[in-house]
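First comes the structure, then the notes that go with it.
Structure, rendered in structure tokens:
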């Protein structure tokens with residue numbers, strides 16, 4: 020796989036989102052299966068692994084630590100702090116003392132002395148971003164993390180944070196059907212020479228073409244609570260896949276590969292991190308780096324799937340309350 024620069028790191032052009040192995044999409048694979056997948060991920064050329072304290076209540080970090088502690092030098096390790104589950108409820112806590120405590124706990128679970136890229140998972144407006152980044156900067160000075168990232172923040176918040184300490188990367192949802200970064204933060208990253216990591220680059224599986232309506236997802240699947248997978252939005256969105264399938268066939272690739280190739284072609288500072296628990300899908304996604312799109316195909320994709328043609332919000336009201344990213348201008 021080709022490489023791209025992400026802050027001070029050289030990473031694979033496509034990274035691997037590890038969340039699916041422990042969290043978010045129904046019953047996760049068992050530990051042994053997850054460990055085998057992680058080894059295959061490295062063998063397929065992925066060199067950026069992304070996890071978080073939240074995923075599986077620390078289980079995802081433990082899985083990576085147990086499975087890959089002997090291969091730690093083969094990949095760039097990214098994790099996140101600020102979101103956790105306490106007594107069955109998701110808790111947002113980005114106070115400086117909590118950030119430092121979370122980092123220590125992550126280091127133990129990951130069986131490493133340093134986390135390469137450590138993100139603030141969400142921004143709490145009740146705590147100044149300057150205080151959050153200040154705590155992260157102290158972790159850099161202490162040698163516990165190498166670089167600082169922010170997740171789901173606006174351009175304005177990013178600029179404030181960047182004045183306190185260099186931000187290496189911003190991570191936000193970005194795909195053909197979720198364009199929020201285009202409303203501000205993506206350009207701010209380019210101006211400030213900050214990498215951009217696109218999570219859910221396949222629209223939580225939608226852009227791969229094999230996703231049912233929300234009512235058909237397994238219990239525990241986060242897509243059961245995403246409006247776009249519910250009627251009447253889902254039926255309207257599903258019609259977009261006809262055109263996407265046609266363009267993929269013409270390009271000689273799968274819909275998933277086409278969607279990832281679109282992101283790679285958008286800008287050199289973008290690194291998508293698709294996640295999956297399926298070996299075949301992981302291998303398919305890795306080969307998206309081989310797909311080259313010309314201007315005509317890019318234009319057709321832009322017309323087909325964009326904020327005007329996609330129906331429904333990406334989060335419900337409760338989830339949206341934790342998000343700082345720009346919304347589509349009205």
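Numbering (the working numbering), first residue to last: 20 to 349. We put the beta carbon where it would ideally sit given N, CA and C, even for glycine.
Among 249, 175, 134, nearest to residue 165 - alpha-carbon criterion: 134
Rounded separation between residue 86 and residue 162 - CA only: 23 Å
Residue 46, enclosing alpha helix (DSSP H) - first and last residue: Residue 46 -> no alpha helix (DSSP H), and no H or E assigned at all.
Stretch pair the region 66-77 + the region 25-45: three plus CB contacts closer than 8 Å: yes
Minimum C-alpha distance to residue 330 - residue among 259, 276, 108, 29: 259
Residue 100 in three-state terms, based on DSSP: strand
Beta-carbon proximity list for residue 203, same chain, < 7 Å, skipping 5 on both sides: 173, 174, 345
Residue 108 - containing beta strand (DSSP E), residue span: 108-111
Buried or exposed (CB count within 10 angstroms, at least 16 for buried), residue 237: exposed
Residue-level contact to chain B via CB, residue 204, 8 Å cutoff: Absent from the structure: chain B. Only one protein chain is present.
Alpha carbon of residue 118 to alpha carbon of residue 150, nearest angstrom: 10 Å
Residue 206 and residue 333 closer than 8 Å at C-beta: no
The region 100-118 in contact with the region 136-156 per 3-pair CB rule at 8 Å: yes
Alpha-carbon to alpha-carbon, residue 308 and residue 314: 17 Å
Counted within 10 angstroms of its Cβ, other Cβ atoms place residue 52 as buried (16 or more) or exposed: exposed
Rounded separation between residue 179 and residue 194 - CA only: 26 Å
Where residue 148 falls: helix, strand or coil (DSSP): helix
Euclidean distance between Cα positions of residue 38 and residue 71: 8 Å
Best match in 242, 130, 228 for proximity to residue 234 [C-alpha to C-alpha]: 242
Among 30, 82, 246, 328, nearest to residue 95 - alpha-carbon criterion: 30
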